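For reference, the structure is listed below as structure tokens.
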Amino acid sequence: MGFSVKKGIYCLIIKLSQEQEIPIGKLGTFHFPAGFYVYVGSAQNSLRLRIERHLRQTKNNRWHIDYLLDYGQIITVYSYAKDKSLECVLGHKIASLPKAIFPIKGFGSSDCSCITHLYFFQDNPSGALSSFKGEFALPERRHYNANG
């Protein structure tokens, strides 16, 4: 995997093929409609290792996103060479996209004042996320499934 930046922020586009009731740790169990989910995260020690961890099939569930990944499939990863402080800025940009829905309050945002760091879209939002390329200096994009 060729993620060249040591620390930064990232987006995972996750495809959930069928609706599911998914337990999300201490947050509780939630209904997830089939569609596409965008998760915004950050890594301050090794962006490459964080993304590789998300891509592994077998891992201990540590973060909210781990529980969703037990059911969904990552189809695209966007990595950004930016400071953690822009993680929330990126999340707000994604939230402002047409048809963005906040599925779970507090998902992935326990260390900030954001409503959530998870966003739901009925259709694949990859093209819309590409529009942030210049603003967030998007160095890399990886596809993991041709069906996305």
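For the sequence shown, the numbering used here assigns the number 388 to the initial residue and increments by one for each residue that follows. Even for Gly, the Cβ is constructed at its ideal location relative to N, Cα and C. These figures come from a predicted structure and were not determined experimentally.
Requested in this report: Measure the CB-CB distance between residue 412 and residue 448 and report whether it falls below 8 angstroms.
Outcome: Between residue 412 and residue 448, the gap from beta carbon to beta carbon is short of 8 angstroms.
Query - Residues near residue 474 by beta carbon distance below 8 angstroms, same chain, minus five either side - result: The beta carbon of residue 474 is closer than 8 angstroms to those of 396, 427, 428, 429, 499, 504 in its chain, skipping five residues each way along the sequence.
Requested in this report: Flag residue 474 as yes when its Cβ comes closer than 7 angstroms to any non-hydrogen atom of the ligand ADP, and as no otherwise.
Outcome: Looking for the ligand ADP in the displayed structure turns up nothing, as the structure carries no ligands at all.
Requested in this report: Decide if residue 436 is buried, meaning its Cβ has at least 16 other Cβ atoms within 10 Å, or exposed.
Outcome: exposed
Report task. Kindly list the residues whose CB is nearer than 8 angstroms to the CB of residue 530, restricted to its own chain and excluding five residues on each side of it in sequence; keep chain order. Result -> A caution first: residue 530 carries a pLDDT of 47, below 50, which makes its placement in the model too unreliable to give a value.
Query raised in the report: Would you call residue 514 buried or exposed, if buried means 16 or more other Cβ atoms sit within 10 Å of its Cβ?
Result: exposed
Requested in this report: Please report how far the alpha carbon of residue 403 lies from the alpha carbon of residue 420, in whole angstroms.
Outcome: 8 angstroms
Requested in this report: Check the DSSP bridge columns for residue 422 and list the partner residues they point to.
Outcome: 403
Query raised in the report: Under 8 angstroms, do residue 451 and residue 494 count as touching if we go by C-beta distance?
Result: yes
Query - Boundaries of the alpha helix (DSSP H) in which residue 481 is found, first to last residue - result: Run containing residue 481: 474–482, per the alpha helix (DSSP H) assignment.
**Report entry** Local Cβ density within 10 Å of residue 398, reported as buried at 16 or more and exposed below that
**Finding:** buried
Query raised in the report: Is the beta carbon of residue 489 sitting closer than 8 angstroms to the one on residue 502?
Result: yes
Query raised in the report: Can you give the beta carbon distance from residue 471 to residue 434, rounded, assuming they're within the 8 angstroms contact cut?
Result: 11 angstroms between Cβ atoms; not a contact.
Query raised in the report: Relative to the alpha-carbon of residue 406, which residue among 512, 507, 492 has its alpha-carbon at the smallest distance?
Result: Checking every option, the nearest Cα to that of residue 406 belongs to 507.
Requested in this report: Could you please give the first and the last residue of the uninterrupted beta strand (DSSP E) stretch that includes residue 505?
Outcome: 505–508
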